[in-house]
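Visitor: When the count follows UniProt numbering, it moves up by one through the sequence shown with no breaks and lands on 112 for the last residue.
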Amino acid sequence: MQFDLSAVETGTMVVIGTLVFALLIGLFMMVSAFVAMFLLGVGRLTWYLVAVVVVGMVHAINHGWDRLVHHASTVDLPGDFQVDFGTDFRAEYPGQAAPSTGTYPRVVLRDS
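Encoded structure:
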């Protein structure tokens, strides 16, 4: 049995075409929504993992710095390395640069 489309009214063809087009748009919107939800989940997971790694690195750097400063505070400097910054360094040691950076003398970070 052959179906003759010329026997179908134009109004019926328009309604069927509109329903098919609406079904295609609905499917496209559903697929787009699922893809957007998937990408949002992947993006949020990626952001979470990057944040965890960066925070972990910051904590590791802080921990390492704390250990270094603690170790440096326990080191006992021999008497030869004690410098009196109250005297003029250039007068005692001519031809050498002064042990200062700008106007502030260099100091060992013992109280950090």
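Ideal Cβ placement from N, Cα and C applies to all residues, glycine included.
Identify whether H75 lies in helix, strand or coil by the three-state DSSP scheme.
Guide: Residue identity differs from the one stated: residue 75 is Val in this sequence, not His. If DSSP states are grouped into helix, strand and coil, V75 belongs with coil.
Visitor: Hey, how far is the Cα of V53 from the Cα of V15?
Guide: Approximately 57 Å between the Cα atoms of the pair.
Visitor: What did DSSP end up calling Q2 once you bin it into helix, strand or coil?
Guide: Here Q2 sits in coil by DSSP.
Visitor: Give the secondary structure of V20 by DSSP, where H, G and I count as helix, E and B as strand, and everything else as coil.
Guide: V20: helix per DSSP, three-state reduction.
Visitor: Rounding to the nearest angstrom, what Cα-Cα distance links T18 and V42 in this structure?
Guide: C-alpha separation (whole angstroms): 36 Å.
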